[in-house]
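Undergrad: Here it is: the structure, laid out below.
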Amino acid sequence: MEPRRIASYILLEPLGHGGMAVVYRARQESLDRTVAVKVLSENLAASTEFMERFRREARTAANLRHPNVITVHDFGEDERGVPYLVLEYIEGPTLADLMDVGLDDSPIPDLLDQIAAGLDYAHAHGVIHRDIKPGNVLTTEDGRVVLADFGLAWLLEGAHLTMTGGVIGTPEYMSPEQAAGEPIDHRSDVYALGVVLYEMLVGERPFIAETPIAVLLKHLQDPAPSVLLARPDLPPAVGDVLAKVLVKDPADRYASAGELARAFRAAITQTSHQLSAISDQRGALSAVPVSAMSSAAKSPSTTWSPALSEPTVAAEDGHRLVCPECSEQLPAGAGICPRCKYMVPLDQLPKSSASRYKLQRREVIVNLLPQSIRWTPDGLQRARRLAAQALLEVTNDGWEPASIGEPYHLVEGRTISGSVVESAILKLERIA
Numbered sequence: 063m064e065p066r067r068i069a070s071y072i073l074l075e076p077l078g079h080g081g082m083a084v085v086y087r088a089r090q091e092s093l094d095r096t097v098a099v100k101v102l103s104e105n106l107a108a109s110t111e112f113m114e115r116f117r118r119e120a121r122t123a124a125n126l127r128h129p130n131v132i133t134v135h136d137f138g139e140d141e142r143g144v145p146y147l148v149l150e151y152i153e154g155p156t157l158a159d160l161m162d163v164g165l166d167d168s169p170i171p172d173l174l175d176q177i178a179a180g181l182d183y184a185h186a187h188g189v190i191h192r193d194i195k196p197g198n199v200l201t202t203e204d205g206r207v208v209l210a211d212f213g214l215a216w217l218l219e220g221a222h223l224t225m226t227g228g229v230i231g232t233p234e235y236m237s238p239e240q241a242a243g244e245p246i247d248h249r250s251d252v253y254a255l256g257v258v259l260y261e262m263l264v265g266e267r268p269f270i271a272e273t274p275i276a277v278l279l280k281h282l283q284d285p286a287p288s289v290l291l292a293r294p295d296l297p298p299a300v301g302d303v304l305a306k307v308l309v310k311d312p313a314d315r316y317a318s319a320g321e322l323a324r325a326f327r328a329a330i331t332q333t334s335h336q337l338s339a340i341s342d343q344r345g346a347l348s349a350v351p352v353s354a355m356s357s358a359a360k361s362p363s364t365t366w367s368p369a370l371s372e373p374t375v376a377a378e379d380g381h382r383l384v385c386p387e388c389s390e391q392l393p394a395g396a397g398i399c400p401r402c403k404y405m406v407p408l409d410q411l412p413k414s415s416a417s418r419y420k421l422q423r424r425e426v427i428v429n430l431l432p433q434s435i436r437w438t439p440d441g442l443q444r445a446r447r448l449a450a451q452a453l454l455e456v457t458n459d460g461w462e463p464a465s466i467g468e469p470y471h472l473v474e475g476r477t478i479s480g481s482v483v484e485s486a487i488l489k490l491e492r493i494a
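Sequential numbering of the sequence shown, starting at 63, is according to my numbering.
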């Protein structure tokens, strides 16, 4: 079967699709290069108003030229009048992919700097993104971070909602003014970037609810939770940065994405010595470029975890270790040396240590993957390695709640790979 063609582009394989468009990896014959072609829904071509807006938005996006903004090479309509866009082809994981495998703190300032640079450039040219989220942040193998779908995601969503009704945008990242249907400016993108930053640090979004409408109401009404509740190891200044960017009134936020990025870098460097010490134990992760993350996203055995800065447990079993790095005697059962931040190997920890770790939230979801522990406990990612021990105890005991230990018990356990537990999802609940 002959591959489908659009103009001089040969569509090779689908890369992704949504309700209103399909994106293909394609070959541009005239320039002999790989591109991405986004083919929009045929239903859209019937609307004269949409086609006019599409051409206007596409032309605006095509005029953006910045290393952190995806390049629009071309746009047009095929022989049936179906609109399409030709985009720069980015081979690498999205920020969402990176967060799925676990993201260490150390690359976050650089990621944020590059996202902010792309946003500030677009804002200076009068373009508001309207849909900043991890799935629209791409990364390349040479360490570049690229923002995709400027204005075009909003255009497609708007066309979809004229048929179905609803709110334009992604509720989890939507600013209060956008959620309320009010006029927005660049500060709405800054707010969304603040939500993304919170998620990079904590592993989950600040506002979570069961329905999109409930999430929107939280953005409109609820104060943003302090990032320090989920990550008490972070310096207080980081909490101040997140509090400022996630305020309801746009006038009280940072004036630009770059201002947010600079404030965050200044705040997070208050613990740079901790990041450096821990990164040494993890193969100098603090110096890892974004390009290295693309391989991490492809490998389930790779984990990225936030910096640990305090001893996370102190078991009551009298088991003590001497730190091999600084010869400091560790507190009983401690997983981190309080002096040099050396991380005690998991197999050297007493079995009771992790099971005695006290959760700071009532409920926690824990994932156990083959050769890779992912710890996403409503925050508290810093307990990743110690939690692993508790998980292994649970799997060996056949999901017995007693094996978890106080002050939390097993609510739900589900194996993914049969009787031999190679992969599992646990739900733990703190005992009141």
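Even glycine gets a Cβ: it sits at the ideal position worked out from N, Cα and C. These figures come from a predicted structure and were not determined experimentally.
Determine contact between the region 151-158 and the region 107-120, defined as no fewer than three beta-carbon pairs at a distance below 8 Å.
TA: Result no; under three Cβ-Cβ pairs closer than 8 Å.
Undergrad: Would you mind working out which of A329, R293, H187 and E261 sits nearest D302, comparing C-alpha positions?
TA: Taking only the C-alpha atoms, the option nearest D302 is A329.
Undergrad: Could you give the distance in angstroms between the alpha-carbon of E141 and the alpha-carbon of A158?
TA: Approximately 35 Å, taken between the alpha carbons.
Undergrad: DSSP state of I495, grouped into three classes?
TA: This structure cannot speak to residue 495, because the chain is shown only from 63 to 494.
Undergrad: Please determine, among D162, A317 and P233, the residue with the shortest C-alpha to C-alpha distance to L263.
TA: The candidate whose alpha carbon is nearest that of L263 is D162.
Undergrad: Ends of the alpha helix (DSSP H) at F112?
TA: T110 to A124 is the extent of the alpha helix (DSSP H) around F112.
Undergrad: What do you reckon, is the C-beta of R87 under 8 Å from a heavy atom of the ligand FMN?
TA: Within the structure as shown, the ligand FMN is missing, as the structure has no ligands at all.
Undergrad: Reducing DSSP to helix, strand and coil, say where H187 ends up.
TA: The answer is coil: DSSP assigns H187 none of H, G, I, E or B.
Undergrad: Out of curiosity, what's the CA-to-CA distance linking D172 and E64?
TA: Going by the C-alpha atoms only, they are around 44 Å apart.
Undergrad: If you compare alpha carbons, which of P312, D314 and L304 is closest to A323?
TA: It is L304 whose Cα lies nearest to the Cα of A323.
Undergrad: Does DSSP put I68 in a helix, in a strand, or in coil?
TA: Note: I68 maps to strand in three-state DSSP.
Undergrad: For P268, I'd like the list of residues in its chain whose CB is within less than 6 Å of its CB, leaving aside the five on either flank, ordered along the chain.
TA: The residues are Y260, A286 and P287.
Undergrad: My guess is that V258 and K195 are in contact by the Cβ rule of under 8 Å, so how many angstroms apart are they, rounded?
TA: With 8 Å as the limit, V258 and K195 qualify as a contact, their Cβ atoms being about 7 Å apart.
Undergrad: Taking the alpha carbon of G143 as the point to measure from, which residue in N125, S103, A325 and A179 has its own alpha carbon closest?
TA: Here the closest residue by C-alpha is S103.
Undergrad: Do L147 and D136 have their C-beta atoms within less than 9 Å of each other?
TA: Taking 9 Å as the Cβ cut-off, L147 and D136 qualify as a contacting pair.
Undergrad: Leaving out the 5 sequence neighbours to the left and right, which residues in its chain are closer than 8 Å to R89 when beta-carbon positions are compared?
TA: Closer than 8 Å at the Cβ level, and outside the excluded window around R89, lie Y71, I72, L74, R95, T96 and V97.
Undergrad: Applying the criterion that 16 or more other CB atoms from any shown protein chain within 10 Å of the CB defines a buried residue, is T201 buried or exposed?
TA: Its Cβ being crowded by 16 or more others within 10 Å, T201 is buried.
Undergrad: On the DSSP letters alone, give me the boundaries of the beta strand (DSSP E) that G138 sits inside.
TA: V134 to E139 is the span of the beta strand (DSSP E), which, as asked, contains G138.
Undergrad: In whole angstroms, what is the alpha-carbon distance linking P76 and I132?
TA: Between P76 and I132, the C-alpha separation is close to 19 Å.
Undergrad: Is the beta carbon of H191 closer than 9 Å to that of D211?
TA: In this structure, H191 lies closer than 9 Å to D211 by Cβ.
Undergrad: Closest to H185 by CA distance: which of G320, C385, A69 and L174 is it?
TA: Nearest of G320, C385, A69 and L174 to H185, Cα basis: G320.
Undergrad: Can you give me the C-alpha to C-alpha distance between L165 and E266, rounded to a whole angstrom?
TA: Roughly 12 Å between the two C-alpha positions.
Undergrad: Among G256, P312 and R66, which one has its Cα closest to the Cα of R87?
TA: For the residues G256, P312 and R66, the minimum Cα distance to R87 belongs to R66.
Undergrad: Applying the criterion that 16 or more other CB atoms from any shown protein chain within 10 Å of the CB defines a buried residue, is A317 buried or exposed?
TA: Result: exposed.
Undergrad: In the DSSP assignment, find the unbroken alpha helix (DSSP H) run with Y260 in it and report its ends.
TA: Note, Y260: alpha helix (DSSP H), H248 to V264.
Undergrad: Give a yes or no on whether the C-beta atoms belonging to P233 and P274 are separated by under 9 Å.
TA: Yes, the pair counts as a contact, with Cβ atoms nearer than the cut-off.
Undergrad: Does the beta-carbon distance from L308 to D251 come in below 9 Å?
TA: Their beta carbons are not under 9 Å apart, which means L308 does not touch D251 by this criterion.
Undergrad: So, for A271: in the same chain, excluding its five sequence neighbours on each side, which residues have a beta-carbon less than 8 Å away from its beta-carbon?
TA: For A271, where only same-chain residues beyond five positions count, the Cβ hits under 8 Å are V277, L279 and K280.
Undergrad: Just the Cα atoms here: how many angstroms apart are A123 and V134?
TA: One C-alpha to the other measures close to 6 Å.
Undergrad: Should G243 be labelled buried (16 or more other beta-carbon atoms within 10 Å of its own) or exposed?
TA: With fewer than 16 Cβ atoms within 10 Å of its Cβ, G243 is classed as exposed.
Undergrad: How close, in whole Å, do the beta carbons of N130 and A179 come, if the pair is a contact with beta carbons under 8 Å?
TA: About 5 Å; that satisfies the 8 Å criterion.
Undergrad: Residue range of the alpha helix (DSSP H) that L322 falls in?
TA: Looking at the DSSP string, the run of the alpha helix (DSSP H) that includes L322 is A319 to I330.
Undergrad: DSSP has K100 in a bridge; who is on the other side?
TA: DSSP output for K100 lists V85 and L147 as bridge partner(s).
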